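Colleague: First the structure, which I've put down as structure tokens, then a few questions once you've had a look.
Residue numbers (my numbering): 114 to 407.
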């Protein structure tokens with residue numbers, strides 16, 4: 114199954130965020146064991162494959178708002194590089210329902226002299242035999258909405274999330290993949306295990322550089338035990354007179370996001386969303402939501 118989506122015009126100033134309505138297989142559900150995403154052309158920032166959370170689907174316009182409503186859309190797969198080829202371990206699959214609504218978002222930054230006027234992205238979903246599936250994969254989305262990068266500053270934003278849950282609801286989680294995400298002020302990203310007593314465990318992921326962080330696939334998935342979590346850190350260098358706050362505009366705003374995947378899930382389709390934000394009094398608050406799919 115191949116989902117195509119264009120970049121929009123690449124010549125000029127500004128950015129293109131474009132959303133394309135897609136659909137799952139016509140004749141039955143699909144168990145996906147591999148996803149390959151290609152993002153050719155100049156100025157590619159990301160390609161993301163989403164599906165809606167349960168309930169009425171609220172489609173964005175083709176010319177997307179700067180950010181989708183993360184309370185309504187679940188990330189299935191994404192790339193921040195020209196090519197990402199994600200192979201899940203034997204027996205683990207991502208379930209796509211029959212005719213399930215899907216959305217592909219492309220994000221490109223325009224330039225004065227692009228090599229091509231347009232680019233065509235492709236997201237390929239490779240099915241596996243359902244009889245071989247022993248566990249399903251879910252999406253991790255850890256998002257810091259309270260981040261601030263002051264002018265003329267080198268700084269690190271630090272966040273934590275107990276993705277395994279707490280108390281009687283806690284469970285074991287195996288990590289399939291991790292990648293970080295920031296914009297042009299970012300210069301490094303790290304993720305660590307957090308033990309049940311709050312102490313810092315081993316390094317799970319590290320990327321250094323101004324380019325978009327690499328997509329790390331785990332051949333031997335790290336196991337987070339009940340009550341454990343993840344700490345993710347974004348390192349920034351802001352040499353301008355501007356203060357950068359949370360937002361999707363790569364030129365004027367910043368992000369500190371961990372994308373990833375895990376297994377097993379409690380339901381066939383599932384995601385874990387963790388958000389750090391400010392409450393009405395200006396205090397930092399973190400929320401964790403386990404979202405069951407169709």
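Note that beta-carbon positions come from the ideal geometry of N, C-alpha and C, so glycine has one too.
None of these values were measured; they are calculated from a predicted model.
1. With 16 as the cutoff for other CB atoms within 10 Å, does residue 182 come out buried or exposed?
2. Using DSSP's beta-bridge definition, name the partner residues of residue 232.
3. Ignore the nearest five residues each way along the sequence and tell me which others in residue 327's own chain have a CB closer than 6 Å to its CB.
4. Compare the Cα-Cα distances from residue 361 to each of 257, 231, 194 and report the closest residue.
5. Beta-carbon within less than 7 Å of residue 357's beta-carbon, same chain only, minus the 5 sequence neighbours each way: which residues are those?
6. So the candidates are 116, 146, 155; which of them puts its Cα closest to the Cα of residue 136?
7. Within 10 angstroms of its Cβ, does residue 413 collect 16 or more other Cβ (buried), or is it exposed?
8. Closest to residue 232 by CA distance: which of 175, 223, 169 is it?
9. Taking all protein chains shown into account, do 16 or more other C-beta atoms lie within 10 angstroms of the C-beta of residue 389, making it buried, or fewer, making it exposed?
10. Residue 247: which of 229, 144, 318, 237 sits nearest, CA to CA?
11. For residue 282, count neighbouring C-beta atoms within 10 Å of its own C-beta (all shown protein chains included) and say buried if the count is 16 or more, exposed if not.
12. Run through the DSSP bridge pairs and tell me what residue 402 is partnered with.
13. I need the straight-line Cα distance from residue 234 to residue 164, nearest angstrom please.
14. Which residues bound the beta strand (DSSP E) around residue 267?
15. Do residue 230 and residue 153 have their C-beta atoms within less than 8 Å of each other?
16. With a 10 Å radius around its C-beta and 16 neighbouring C-beta atoms as the bar for buried, classify residue 160 as buried or exposed.
17. Can residue 217 and residue 236 be called in contact, C-beta distance under 8 Å?
Modeller: In short, the structure shows the following:
1. Classification for residue 182: exposed.
2. According to DSSP, which records beta bridges pairwise, residue 232 is partnered with nothing at all.
3. Contacts found: 320.
4. Comparing Cα-Cα distances from residue 361 to each of 257, 231, 194, the minimum goes to 257.
5. The beta carbon of residue 357 is closer than 7 Å to those of 262, 298, 351, 366, 367 in its chain, skipping five residues each way along the sequence.
6. That would be 116, whose Cα lies nearest to the Cα of residue 136.
7. Residue 413 cannot be examined here, being either before or after the span of the chain that is shown, 114 to 407.
8. Of 175, 223, 169, the smallest CA-CA separation from residue 232 is found for 223.
9. Buried, by the Cβ-count rule.
10. Ranking 229, 144, 318, 237 by Cα distance to residue 247 puts 144 first.
11. Exposed.
12. Under the DSSP definition of a beta bridge, residue 402 partners with 386.
13. Spanning the two alpha carbons is a distance of roughly 18 Å.
14. Counting along the chain, residue 267 sits inside the beta strand (DSSP E) bounded by residues 266-274.
15. Their beta carbons are not under 8 Å apart, which means residue 230 does not touch residue 153 by this criterion.
16. Buried.
17. The Cβ atoms of residue 217 and residue 236 lie closer than 8 Å to each other.
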